[in-house]
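In my numbering, the protein residues as written are 1277 to 1588. Written below as C-alpha cells is the structure these notes are about.
Below, the structure is given as C-alpha cells:
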C-alpha cells in the first residue's frame, strides 16, 4: 500500500523544502521528513540525522555516497540508496574522451592556436601520441570500469585491470581484460584509469610512490573521486615530468582545485562532469524517484540499496 511521505532535499534539488545540510540553515519541516533526497554536495552527517527523528530513507542523486554517514544510518536502521546504473555510460564516455584529449594534446593545442603559443603548422610540429595499440590499466573493474574497457578494446587498446576481487574468466574474456597485481599495472600501463568508489583504504591510492612507479610516458586519468590521488604529489610529479600527463574530473578538496593543476600544459582539468549530460541527469532523477516510490510501496527488492546497508 502506497503511503504519503514528507520529503526533504538539499539545496541542489528544487523540491518541497530547500535546506542546507550542514547544520546552519535547518528549517522546521526537516524534523518531520521520512525521506531525505540529497546529492554529493549535501553532507549527511550524524548531526544531520539527529535532527531528523522520523527519517527512514536517504536517497542519493548519484553513484558515490561518501558524503553520507552510512554507519550512523545503519545504527538508526535508515535505508540508503543511490543511482549506480544511469551514470555508467556517460562516465565511461568522459573517461575515454580524456584519454584521447590528453594523449593527442587536444586541449593544449586548442589553447595554443587561440593565444598564439602553438607551434606553426608543420610536418614535425605539434606531435602527440597515439592511443591505438597502447595498454590501458583500469583500477576498479566495476560497471564503469567495464564500460571503459569495452570502449578501449574497440579502439585497439590492450586492457589490464586490478580489482579487489578478480573477475570470472568469462567476464575477462568478454571485456578483453587481463587481471594483474596493482604494482604491475602501475609499472606497465600507458594509461591508468581510476574507476573505483572511495573508501578509507583507497584514499591516496595514488601518491608519490605510485607515481614514481609509472612509466615516464604514462598518463593518469581520474573520473572517480578526487581523494584517490594525493593531489600535491600529482602536481609535483607533473611539474617534474615524472609522468607524461594527467586528466582529472574530480579533486581532493573539491570544489577547490590545486593552483598547480591550473597552470600545467600536461594536465587536463574539467569540473566533475562525468555524469553531466542532459540524458544522464534525467535518468538519475528517474532512478532516484523510483527508489522513493519503491520504498513507499514496501518493494524493497526494487531499490538500489548501497552495499553497506544491503549487507546488514
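Heads up, the beta-carbon is just placed ideally off N, CA and C, and yes, glycines get one too.
- Message: Can you check which of these residues, 1318, 1440 and 1393, is closest to residue 1477 by C-alpha distance?
- Response: When C-alpha distances from residue 1477 are compared across 1318, 1440 and 1393, the shortest belongs to 1440.
- Query: Curious, which full-length alpha helix (DSSP H) runs of at least 4 residues does the stretch 1428-1500 contain?
  - Reply: Entirely contained in the stretch 1428-1500, the alpha helix (DSSP H) runs reaching 4 residues are, in chain order, 1445-1450, 1458-1464 and 1484-1489.
- residue 1431 versus residue 1450 - alpha carbon distance: It is roughly 15 Å from the alpha-carbon of residue 1431 to the alpha-carbon of residue 1450.
- Three-state secondary structure assigned by DSSP to residue 1309: Coil.
- Item | Proximity winner among 1544, 1484 and 1428, relative to residue 1462 (alpha-carbon distances) | Residue 1484 is the option with its Cα nearest to residue 1462.
- Item | Buried/exposed call for residue 1353, threshold 16 Cβ in 10 Å | Looking at its Cβ environment, which holds fewer than 16 other Cβ atoms inside 10 Å, residue 1353 is exposed.
- Task: Can you have a look at residue 1576 and say buried or exposed, based on whether 16 or more other CB atoms are within 10 angstroms of its CB?
- Result: So residue 1576 ends up on the exposed side.
- Task: Could you check what DSSP says for residue 1536 in three-state terms: helix, strand or coil?
- Result: DSSP places residue 1536 in helix when its eight states are reduced to three.
- Message: Per DSSP, what are the beta-bridge partners of residue 1522 in this structure?
- Response: In the DSSP assignment, residue 1522 forms a beta bridge with 1496 and 1543.
- Taking residue 1460 as the reference, which of 1572, 1397, 1332 and 1486 has the closest Cα? Taking the Cα of residue 1460 as reference, the smallest distance to any Cα among 1572, 1397, 1332 and 1486 is reached at 1486.
- Query: From residue 1500 to residue 1471, what does the alpha carbon distance come to, in whole angstroms?
  - Reply: Their Cα atoms are separated by approximately 5 Å.
- With distances taken Cα to Cα, identify the nearest neighbour of residue 1565 among 1544, 1362, 1351 and 1325. With distances taken between Cα atoms, residue 1565 lies closest to 1362.
- Helix, strand or coil at residue 1416 according to DSSP, with G and I counted as helix: Note: residue 1416 maps to coil in three-state DSSP.
- Can you tell me which of the three DSSP states residue 1291 falls into? Note that residue 1291 scores 39 on pLDDT, short of 50, meaning its location in the model is unreliable; the coordinates nonetheless yield the value given after this. Looking at residue 1291 - three-state DSSP - the assignment turns out to be coil, as it is neither helix nor strand.
- Proximity of residue 1556 and residue 1366 at Cβ, strictly below 7 Å: Contact check for residue 1556 against residue 1366 passes: the beta carbons are separated by less than 7 Å.
- Item | Contact the stretch 1517-1535 vs the stretch 1502-1509: 3+ CB pairs below 8 Å | Taking 8 Å as the limit for Cβ pairs, the verdict is that the stretch 1502-1509 does touch the stretch 1517-1535.
- Task: Can you grab the Cα-Cα spacing for the pair residue 1549 / residue 1442, in whole Å?
- Result: Roughly 29 Å between the two C-alpha positions.
- Exposed or buried, which one is residue 1336 when buried takes at least 16 other CB atoms within 10 Å? Per the 10 Å Cβ criterion, buried.
- For residue 1344, which three-state DSSP category applies? Residue 1344: strand per DSSP, three-state reduction.
- Message: Is the separation between the beta-carbon of residue 1351 and that of residue 1330 shorter than 7 Å?
- Response: For the 7 Å CB-CB criterion, residue 1351 and residue 1330 do not form a contact.
- Message: Can you tell me whether residue 1389 is buried or exposed? The criterion is at least 16 other CB atoms within 10 Å of its CB, across all chains shown.
- Response: Classification of residue 1389: exposed, given that the 10 Å Cβ count is below 16.
- Under the three-state DSSP convention, the category residue 1336 falls into: Taken through DSSP and simplified to helix, strand or coil, residue 1336 comes out as strand.
- Item | Contacting residues, own chain, Cβ-Cβ under 8 Å from residue 1375 (five flanking each side not counted) | A distance below 8 Å between beta-carbons, with the five flanking residues on each side excluded, links residue 1375 to the following residues of its chain, in chain order: 1407, 1412, 1428, 1467, 1469, 1495, 1497 and 1523.
- Message: Quick check on the DSSP output: the beta strand (DSSP E) that includes residue 1361 runs from which residue to which?
- Response: Counting along the chain, residue 1361 falls outside any beta strand (DSSP E), and DSSP gives it neither H nor E.
- If you count every other CB in all the chains shown that lies within 10 Å of the CB of residue 1582, and 16 or more means buried, which is it? Buried, by the Cβ-count rule.
- Note down the Cα distance separating residue 1585 from residue 1545, rounded to an integer number of angstroms. In a straight line, the C-alpha of residue 1585 is about 34 Å away from that of residue 1545.
- Assumed close pair residue 1435, residue 1364 - CB separation to whole angstroms, cut-off 8 Å: Taking the Cβ atoms as the reference, residue 1435 lies roughly 17 Å from residue 1364, outside the contact range of under 8 Å.
- Message: Using C-beta distances below 6 Å, list every residue in its chain close to residue 1534, excluding the 5 sequence neighbours before and after it, in chain order.
- Response: Same-chain partners within the cutoff: 1507 and 1511.
- Near residue 1580, what residues of its chain come up, given a Cβ to Cβ distance below 8 Å and the 5 sequence neighbours on each side ignored? Sequence-distant Cβ neighbours of residue 1580 in its own chain, meaning closer than 8 Å and more than five residues away, are 1357, 1358, 1359, 1360, 1361, 1563 and 1567.
- Task: Determine, using beta carbons only, whether residue 1345 and residue 1322 come nearer to each other than 7 Å.
- Result: Yes. Within cutoff.
- Message: Which residue marks the beginning of the alpha helix (DSSP H) containing residue 1383, and which one marks its end?
- Response: Note, residue 1383: alpha helix (DSSP H), 1382-1391.
- Query: Taking the C-alpha atoms as reference points, what is the distance between residue 1425 and residue 1383?
  - Reply: Straight across, the Cα-Cα distance linking residue 1425 with residue 1383 is about 23 Å.
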